[in-house]
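Comments concern the structure below.
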Amino acid sequence: EAQVTQNPRYLITVTGKKLTVTCSQNMNHEYMSWYRQDPGLGLRQIYYSMNVEVTDKGDVPEGYKVSRKEKRNFPLILESPSPNQTSLYFCASSLKAGTDTQYFGPGTRLTVL
Amino acid sequence: DQQVKQNSPSLSVQEGRISILNCDYTNSMFDYFLWYKKYPAEGPTFLISISSIKDKNEDGRFTVFLNKSAKHLSLHIVPSQPGDSAVYFCAASWIYGGSQGNLIFGKGTKLSVKP
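Read top to bottom, the protein sequences are chains A and V. Under our numbering, the very last position in the first sequence is 113; numbers go up by exactly one each time. Under our numbering, the very last position in the second sequence is 115; numbers go up by exactly one each time.
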């Protein structure tokens, strides 16, 4: 089944404790992206990757890191999480950026205390 | 500054009637527009799209209209069903440097279809 998977689905952590949210797709997509969804703000892009070893900042990259060492995986790293990073995170992938349909993962709800 | 605007946070419609969700954009470079639907506890799913060379695209009960001069698009759902109750996101993209651009999303409109 073609899908985007994210882990964990739910996470409660404390300020400053490094964490990684994994994202994996099995569709051989070149493009992958991370978004955060906050009430009243919609979906905002954090980082994106056009292909392996190619990543770039989205609209709200501060406090986040990503890597794209292989095509299927695109982890989101929070080196020192803060409460303002409490949010619902979505990973997405598409064959290419822009007009190709983006497939979204089920989301990761992160709470930083 | 917001480039894709969905000015109605919510919309309530009776089952069987038409739902019209609106979206405005400010960037004239946008040339591809999409609608995504999101249910609670799930990721957004693609619904329908339209290229700037068209003014209408239809898929079953869903039709998207694009008015380039007004920088406005709308999603019509006819007839509306209770299962259509979800948050709808409008998104826009553009072509640059020979590559497709990233998607810019609106804030979403929560549609409630009453039985």
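Ideal Cβ placement from N, Cα and C applies to all residues, glycine included. All values derive from a computational prediction rather than experimental measurement.
Length of the line joining the Cα atoms of valine 13/V and threonine 15/A
Threonine 15/A has its alpha-carbon roughly 43 Å from the corresponding atom of valine 13/V.
Whose Cβ in chain V lies nearer than 9 Å to the Cβ of tyrosine 48/A?
The answer, in chain order, is Asn102.
Coarse secondary structure for glutamine 14/V, derived from DSSP in three states:
DSSP places glutamine 14/V in strand when its eight states are reduced to three.
Can you find a C-beta in chain A that's less than 8 Å from the C-beta of glycine 97/V?
Model confidence at glycine 97/V stands at a pLDDT of 43, short of 50, so the residue's coordinates are unreliable; what they give is reported in the following sentence. Answer no: the Cβ-Cβ gap between glycine 97/V and chain A never drops below 8 Å.
Glycine 83/V by DSSP, collapsed to three states: which one?
In the structure shown, glycine 83/V sits in a helix (DSSP, three-state: H, G or I).
With distances taken from CA atoms, which of Tyr64/A, Thr86/A, Ala92/A is nearest threonine 13/A?
Ranking Tyr64/A, Thr86/A, Ala92/A by Cα distance to threonine 13/A puts Thr86/A first.
Look at the Cβ atom of lysine 56/V, then the Cβ atom of phenylalanine 89/V, and state whether they are nearer than 8 Å.
In this structure, lysine 56/V sits away from phenylalanine 89/V, with a CB-CB distance that is not shorter than 8 Å.
Distance, valine 4/V Cα to arginine 44/A Cα
Cα to Cα, the separation comes out at about 11 Å.
So, at 7 Å on beta carbons, what are the nonlocal neighbours of arginine 72/A in its own chain, with the 5 sequence-adjacent residues on each side left out?
Ser24, Gln25, Asn26.
For glycine 105/A, is the classification buried or exposed, using 16 other Cβ atoms within 10 angstroms of its Cβ as the cut-off for buried?
So glycine 105/A counts as buried.
Beta strand (DSSP E) containing phenylalanine 46/V: first to last residue?
From DSSP, the beta strand (DSSP E) with phenylalanine 46/V extends over 45-51.
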